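Peer 1:
Take a look at the structure:
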């Protein structure tokens, strides 16, 4: 075994010392990279990140001052966006080959910035003390920036700095891309939040509008239904007001009182019997009036009550209702006007046919249909007093549906307008609201049904045909 | 940074250069660094290179008695050229006549070399320097003042065969006899350097009490040659009191000046005694200032042989380079050491090959002074040293 020579021992000691020094340098480089990476990933706030980054690197690399230059896409200048020294915050650099190369992810070490083209344009007293600089690219997908670490000595930056810059470049790039993505995500979230708020506001407006519309429609429906009931009430009232029975009684009594002294007892008795008969007749009429009026007033009260329930958003109760009963009730309401206009009403309804429906609304729907038929007849009668008005009501059923038809020989309609009558606000009547058939259509469709109006043209009458399909309705 | 290196022994310069170029298989040649014996004329070298490779930059220096490449030591009429491919690297060159104010000249030369490839202000990865012997310290000061002290400056003082000023430096711009030429390397890959000597300090030391430039009159207030002779065991008794060249005899006994400490062990810049005269002053190949402490360094042939290889090994260790990562090696090998080793130079080459496999291009010139980066990173000029620069494909 040969003994180690002095030079060999020296070599070993040199190697050991070199390794120790390398370890120290590596530790320092790792520490710098670690803290820089930590800063780069510390926050989603870009400004905060770069502000911290320059301070950390400035300390770690023992620089004089550091700052970050930003290049806006399409611009040929760089502006300081953050710096460790206030006096460096307004620097403007023109983009040239050196910085272009840095942006291509090649860190640049300058031993003397006064020789660098980009720096020559900005030389002023603010940067008078700066001699060397390390330029590290901070490049993301859209960000074009350069981190500049400076020192007052010529040639301060070494291979070790270059290694740090080389290692930091991809780390910074990834962090910046992450930041950009996070920022974009936040912006997208903000945008979505904003859109959501706009939609919510729109929805609120829509709900409010719909509520108002619904409320208005509801009010119109109430008024319309009451209006439908007021029409026969008014007809009844006209009849009462035009009734001569009471005046005849009064006139008879006045004559009787003038002739009292001249009449025999027998004549007096006869006269009193006649008066009693007249009063009885009048009383019967009054009873009849009262009964009909009470019915109509009750219907109005029912309507108001039903609308109140609806307004309270309580579900109105559906039930199996015989169609014949509903129509009898409706026709009864129109007795006076039917009689007045001399309308022949034919009802052909299978007494067993039942529909599962909310009674009050169904009543008003059918009331609307009959009211329309009566109005149509009344209008035709104005121009043709000799014609014989008629209303036919048919109802049948099969496996699938109940089929209802209200047919009149009134004023009729242009067939092309048959679809229009169910639209809100459409009317052919001089004083119509355009609500009645619209409301009927809505009700029928809401009850799994279909409604259509068929007319061959003016003065040919019209047929309103309703189909109420079975199934589903009971299970609602 | 890919390289290839070839040698020609042809006497005709054009033929010699053409032979080297024709052997080169690099896809393109951007730059050439070469060493030539003084048998080739500097002007002729410039003309031929410009003609054969009009688009490449070149930087050639004369070498003492021959060159060494990965193919071995070639003595006689020889030219060796290392070709550099420009991929991922840039090479800036400049040359100037040495003159008064050499410090500023060096400063300008280095700046011009960087500016020549539009990289003004950008710090190069390494500097290759060749110059005529003399004022190397001031040249290094000038370079440091221009680019700082963090860039390795490696190279050597051009040699000739008889130390009679026939050395030269050639670039595209000029061919000079007393010039300073530099190549600035820019690379994104590791470039590693080391600067080594093969000597140990003896116990003999003294202080320079009278000197001027490269001439030392007195050590410890006594005639320098007398003191040096005593320290070296009376080896130079026959040369005292008259002008005599002692270059060859002093090859194993240079004076050392402490350059620093590494691992608490001092390391030295060497000064090679060139001649003595009737007043017993000694002239050296380095400046030695009054007040400097000098120590007699001792070496032996065996150690010199080993050291040449270790200089390479040291450059590899500095940057943790594996042989397969090395793409080329430039070296300045002290001509004094080469002369001392003489016929045993093949053993030194074998030692180098032990660390640097023979397929890796190597070019070494035999120089009259070496410049390199010492162990603590400072650039220095010394004698009887080996200065190495390794190129690699390893990313920084």
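Chains as they are written, first to last, in the numbering used here: chain E, 1 to 476; chain H, 1001 to 1396.
Ideal placement from N, C-alpha and C gives every residue a C-beta, glycine not left out.
These numbers come from a predicted model, not from an experiment.
Take the Cβ of residue 1093 of chain H as the centre, count every other Cβ of all protein chains shown within 10 Å, and call the residue buried at 16 or more, exposed below.
Peer 2: Buried, because 16 or more other Cβ atoms sit within 10 Å of the Cβ of residue 1093 of chain H.
Peer 1: So, does the CB of residue 10 of chain E fall closer than 9 Å to a CB anywhere in chain H?
Peer 2: It does: the Cβ of residue 10 of chain E has a partner Cβ on chain H nearer than 9 Å.
Peer 1: Can you list the residues of chain H that residue 18 of chain E reaches, using a CB-CB cut of under 9 Å?
Peer 2: Near residue 18 of chain E (Cβ distances below 9 Å), the residues of chain H are 1262, 1263, 1314, 1317, 1318, 1375.
Peer 1: Does the separation of the CB atoms of residue 1059 of chain H and residue 1130 of chain H fall below 9 Å?
Peer 2: Yes, they are a contact pair.
Peer 1: What are the residues that DSSP puts in a beta bridge with residue 1244 of chain H?
Peer 2: Answer is H:1276.
Peer 1: In whole angstroms, give me the CA-to-CA distance for residue 306 of chain E and residue 319 of chain E.
Peer 2: When rounded, the distance between both Cα atoms is 15 Å.
Peer 1: Excluding the five sequence neighbours on either side, which residues of its own chain have a C-beta within less than 8 Å of the C-beta of residue 1140 of chain H, listed in chain order?
Peer 2: These residues qualify, in order along the chain: 1106, 1153, 1371, 1379, 1380, 1381.
Peer 1: Going by DSSP in three states, residue 1115 of chain H sits in which element: helix, strand or coil?
Peer 2: The answer is helix: DSSP assigns residue 1115 of chain H an H, G or I state.
Peer 1: State yes or no: is the C-beta of residue 81 of chain E within less than 9 Å of the C-beta of residue 145 of chain E?
Peer 2: Going by C-beta atoms, residue 81 of chain E is nearer than 9 Å to residue 145 of chain E.
Peer 1: Counting C-beta neighbours from all protein chains within 10 Å, is the total for residue 78 of chain E 16 or more, i.e. buried, or is it exposed?
Peer 2: With 16 or more other Cβ atoms within 10 Å, it is buried.
Peer 1: Beta-carbon separation of residue 289 of chain E and residue 220 of chain E under 9 Å?
Peer 2: No, the pair does not count as a contact, with Cβ atoms beyond the cut-off.
Peer 1: Should residue 166 of chain E be flagged as near chain H, meaning a C-beta pair shorter than 9 Å?
Peer 2: So, interface residue.
Peer 1: In chain order, what residues of the same chain have a beta carbon less than 6 Å from the beta carbon of residue 1170 of chain H, not counting five sequence neighbours either side?
Peer 2: So the list reads 1042, 1045, 1046, 1060, once near-sequence residues are dropped.
Peer 1: Three or more beta-carbon pairs under 8 Å between the region 1175 to 1192 of chain H and the region 1077 to 1097 of chain H, yes or no?
Peer 2: The region 1175 to 1192 of chain H vs the region 1077 to 1097 of chain H: in contact.
Peer 1: Would you identify the three-state DSSP class for residue 170 of chain E, choosing helix, strand or coil?
Peer 2: In the structure shown, residue 170 of chain E sits in a helix (DSSP, three-state: H, G or I).
Peer 1: Taking the alpha-carbon of residue 1053 of chain H as reference, which of H:1076, H:1020, H:1073 has the nearest alpha-carbon?
Peer 2: Considering only alpha carbons, the answer is H:1020.
Peer 1: Measure the alpha-carbon distance for residue 1252 of chain H versus residue 15 of chain E and round it to whole angstroms.
Peer 2: In a straight line, the C-alpha of residue 1252 of chain H is about 25 Å away from that of residue 15 of chain E.
Peer 1: For residue 314 of chain E, does the count of other Cβ atoms within 10 angstroms reach 16, so buried, or fall short, so exposed?
Peer 2: Note on residue 314 of chain E: pLDDT 44, under 50, position unreliable in the model; the coordinate value appears next. Exposed, by the Cβ-count rule.
Peer 1: Three or more C-beta pairs closer than 8 Å, one from the region 180 to 193 of chain E and one from the region 126 to 137 of chain E: is that the case here?
Peer 2: Contact fails: fewer than three Cβ-Cβ distances are below 8 Å.
Peer 1: What does the Cβ neighbour count give for residue 94 of chain E, buried or exposed, with the cut at 16 atoms within 10 Å?
Peer 2: When all chains shown are included, residue 94 of chain E counts as exposed.
Peer 1: Under three-state DSSP, which class holds residue 314 of chain E?
Peer 2: Only weak support exists for where residue 314 of chain E lies, its pLDDT of 44 falling under 50; the coordinates are left without a value.
Peer 1: When Cβ atoms are compared, which residues of the region 1110 to 1126 of chain H fall closer than 9 Å to chain E?
Peer 2: So the list reads 1111, 1114, 1115, 1118, 1119, 1120, 1121, 1122, 1123, 1124, 1125, given in the order they occur along the chain.
Peer 1: Hey, residue 1375 of chain H and residue 1292 of chain H: beta-carbon distance below 9 Å or not?
Peer 2: Contact: no.
Peer 1: Is the CB of residue 124 of chain E under 9 Å away from at least one CB in chain H?
Peer 2: By this cut-off, residue 124 of chain E is not an interface position.
Peer 1: Straight-line CA distance for residue 1350 of chain H to residue 97 of chain E?
Peer 2: Taking the straight line joining both Cα atoms gives about 46 Å.
Peer 1: So does residue 47 of chain E have its beta carbon nearer than 8 Å to some heavy atom of the ligand MG?
Peer 2: With respect to the ligand MG, the structure offers nothing, as it holds no ligand at all.
Peer 1: Specify the secondary structure class of residue 1029 of chain H as computed by DSSP and reduced to three states.
Peer 2: Three-state DSSP puts residue 1029 of chain H in coil, outside helix and strand.
Peer 1: Residue 1319 of chain H and residue 1271 of chain H - do their beta-carbons sit closer together than 9 Å?
Peer 2: Contact flag unset, no.
Peer 1: Between E:121, E:458, E:39, E:257, which lies nearest to residue 168 of chain E when the distance is taken from Cα to Cα?
Peer 2: Among E:121, E:458, E:39, E:257, the Cα nearest to that of residue 168 of chain E is on E:39.
Peer 1: From the DSSP output, in three-state form, read off residue 348 of chain E for me.
Peer 2: Reduced to three states, the DSSP call for residue 348 of chain E is strand.
Peer 1: Rounded to whole angstroms, what is the Cα-Cα separation between residue 235 of chain E and residue 303 of chain E?
Peer 2: Straight-line Cα distance between these residues: approximately 19 Å.
Peer 1: For a cutoff of 9 Å on Cβ pairs, would you count residue 1144 of chain H as touching chain E?
Peer 2: It does; some Cβ of chain E falls within 9 Å.
Peer 1: Assign residue 450 of chain E to one of two classes, buried (16 or more other C-beta atoms within 10 Å of its C-beta) or exposed (fewer than that).
Peer 2: Residue 450 of chain E should be labelled exposed.
Peer 1: Excluding sequence positions up to five away, which residues of its chain have a Cβ less than 8 Å from the Cβ of residue 344 of chain E?
Peer 2: 388, 389, 390, 391, listed in sequence order.
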